[in-house]
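Report on the following structure.
There are 4 protein chains.
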Amino acid sequence: MGEEFQASKPIYMQIVDKITNEIVQGKKLPGEKLLSVREMAVQMGVNPNTIQRTYSELERLNIVETRRGQGTFVSDNTALMEELGRNMQDEIIKSFIQKMEEIGVDKRHLVRLLQKYLGEGE
Amino acid sequence: MGEEFQASKPIYMQIVDKITNEIVQGKKLPGEKLLSVREMAVQMGVNPNTIQRTYSELERLNIVETRRGQGTFVSDNTALMEELGRNMQDEIIKSFIQKMEEIGVDKRHLVRLLQKYLGEGE
Amino acid sequence: MGEEFQASKPIYMQIVDKITNEIVQGKKLPGEKLLSVREMAVQMGVNPNTIQRTYSELERLNIVETRRGQGTFVSDNTALMEELGRNMQDEIIKSFIQKMEEIGVDKRHLVRLLQKYLGEGE
Amino acid sequence: MGEEFQASKPIYMQIVDKITNEIVQGKKLPGEKLLSVREMAVQMGVNPNTIQRTYSELERLNIVETRRGQGTFVSDNTALMEELGRNMQDEIIKSFIQKMEEIGVDKRHLVRLLQKYLGEGE
DNA sequence: GTGGTCTAGACCACA
DNA sequence: GTGGTCTAGACCACG
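Residue numbers (our numbering), protein chains in the order written: chain Y, 1 to 122; chain S, 123 to 244; chain X, 245 to 366; chain U, 367 to 488.
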């Protein structure tokens, strides 16, 4: 077990991203139970405090809800979970466009550039 | 003067990004002198030590070179400066593609999605 | 505690050298924890910021790695640490030969001269 | 015209070393006149202030003497100039031995190591 | 507890 | 004038 983390981003945030991605991809369904803090800590090779903070953050974002004495569950508000996916897409794309503009790339070239990279990747 | 900074990233790094962007966009040319540490500090509304750190970091990245007693200058290695621009583009695009894949967006939809956002922006 | 420093070289660099030497000599082993910034500052009779800078520099050189909230550790890449020792030796010897040549000492006399000094030292 | 200088050492000191080396090697003889501050500044591609400081330092070290209205001359105290060469040798060798000890190289291995490097150089 | 960032203000060497 | 170093003391995020 145990994973490797980047130095640049807080570990708890990297785990937040990981779990969020799994939910958005449908690998974790609304209402599904997450591992307990301790189990998750063992699996990720991380201090339980770190997972605690991860779950707090996920709860703050309404992605997850804790039920006293039962554990932590993916929010079963399906509509909200679907919106989550759309919002993430939205943010990623807008941020991409903004960063490219910041380094002086004209919007009109963006599509062509992206196609070039996708072509190479095949 | 004085600007506003995000809480998430160190101020000195945000200024590093700002200056790097200006260079990549050609707003600052190879060999051009930057403001002195003290002047830049005033303009950015920040402590001189913070700018000092910014300039150190830029020098470490070979984006800038300092000449003792004279000041700090954009590296006049034009080839290297151009490569810098290409690398930044490269990183931004690859990171974009990766993030989209992480949330489960198929590569083949990327161009279509991007076009949609660019269309809206007009 | 407290040590004395030369005026010619920055204090933080002298401490970098000191720690590097200890590692190369095997006094500090790969993976071993260094004193915390604050402890080291007290021991060296120096401001914590100065040690902070020392540790940053050591990390930049891949001699040390910091784990958030845990401390600073000698890089546990044993191969790299051994290479470090070899490189330092290499630099010192080459620099010695070069300096002697610059003052006009023929290479063929170097060994004899060195032996003379080593003999005196006993 | 114009030379390249390292960033690590003050330019005026690098020129001090250069001139001292030339004297020790006998390329400049006792009593010989040096270029004027301005001429030297042009030749080295450097600010005259920098050469001024170089000459001051050389005078402080009794390597050079300025005669009012005539210029700057290599000290014609031949005995002293010869001692200079020996002292420099002395310092370089002792510093070499010390640095090698600092990284834990046993004195008894020094000669062997040096021979190895000299052998490679041929 | 850990390291990291920032400010304020000082001093220095260098060109 | 320039950049570079250092101190003192503060605050913060992280584990």
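Beta carbons: idealized from backbone N, C-alpha and C, even for Gly. Predicted model, so just to flag it, every value in this text is computed and none were measured.
- The beta-carbon of Met288 (chain X) is placed no less than 7 Å from the nearest beta-carbon of chain U.
- Burial is judged here by how many other beta carbons sit within 10 angstroms of a residue's own beta carbon; Ala407 (chain U) has at least 16 and is buried.
- Rounded to the nearest angstrom, the Cβ distance from Glu303 (chain X) to Thr310 (chain X) is 6 Å, consistent with a contact under 8 Å.
- Close partners of Ile215 (chain S) in chain Y (Cβ separation under 7 Å): Leu113, Leu114, Tyr117.
- Taken in chain order, the complete beta strand (DSSP E) segments of 3 residues or longer contained in the segment 375 to 451 of chain U are 430 to 433, 437 to 440.
- Taking a 10 Å sphere around the C-beta of Gln165 (chain S), we find fewer than 16 other C-beta atoms and assign the residue as exposed.
- Restricting attention to Y:Gln6, Y:Tyr12, Y:Leu80, the CA atom closest to the CA of Leu29 (chain Y) is found in Y:Leu80.
- Of all residues in the segment 154 to 188 of chain S, none comes within less than 7 Å of chain Y when Cβ atoms are compared.
- Of the candidates S:Asn169, S:Val168, S:Thr194, the residue whose Cα lies closest to the Cα of Ser178 (chain S) is S:Thr194.
- Nearest CB-CB separation between Asn87 (chain Y) and chain S: not below the 7 Å threshold.
- If you draw a straight line from the Cα of Asn169 (chain S) to the Cα of Gly148 (chain S), it comes to about 27 Å.
- Closest option to Phe340 (chain X), judged by alpha-carbon separation, among X:Leu328, X:Leu354, X:Asn331: X:Leu354.
- Nearest to Arg474 (chain U) by C-alpha distance, out of X:Asn265, X:Ala251, X:Gln359, X:Ser280, is X:Gln359.
- Within chain S, no C-beta atom comes nearer than 8 Å to that of Phe73 (chain Y); the closest sits roughly 21 Å away.
- Under the three-state reduction of DSSP output, Asp334 (chain X) falls in the helix class.
- Rounded to whole angstroms, the gap between the alpha carbons of Val24 (chain Y) and Pro254 (chain X) is 52 Å.
- Counting other Cβ atoms within 10 Å of its Cβ, Leu305 (chain X) stays below 16 and is therefore classed as exposed.
- Nearest CB-CB separation between Val390 (chain U) and chain X: below the 7 Å threshold.
- At a cut-off of 7 Å between C-beta atoms, Ile347 (chain X) counts as an interface residue with respect to chain U.
- Residue-level contact check: Asn77 (chain Y) does not touch chain S, since none of the beta carbons of chain S fall below 7 Å from its beta carbon.
- Taking the CA atoms as reference points, Asn265 (chain X) sits about 43 Å from Ile215 (chain S).
- For Phe5 (chain Y), not one C-beta of chain S is nearer than 7 Å to its own C-beta.
- The alpha-carbon separation between Val37 (chain Y) and Glu467 (chain U) amounts to approximately 52 Å.
- With a 10 Å radius around the Cβ and a threshold of 16 neighbouring Cβ atoms, Gln14 (chain Y) comes out buried.
- Taking every protein chain shown into account, the CB of Lys155 (chain S) has fewer than 16 other CB atoms within 10 angstroms, so this residue is exposed.
- In the three-state reduction of the DSSP assignment, Ile469 (chain U) falls in the coil class, being assigned neither a helical nor a strand state.
- Chain Y has no Cβ within less than 7 Å of the Cβ of Lys131 (chain S).
- Sorting X:Arg312, X:Glu283, X:Ile347, X:Asp261 by C-alpha distance to the C-alpha of Leu328 (chain X) places X:Asp261 at the top.
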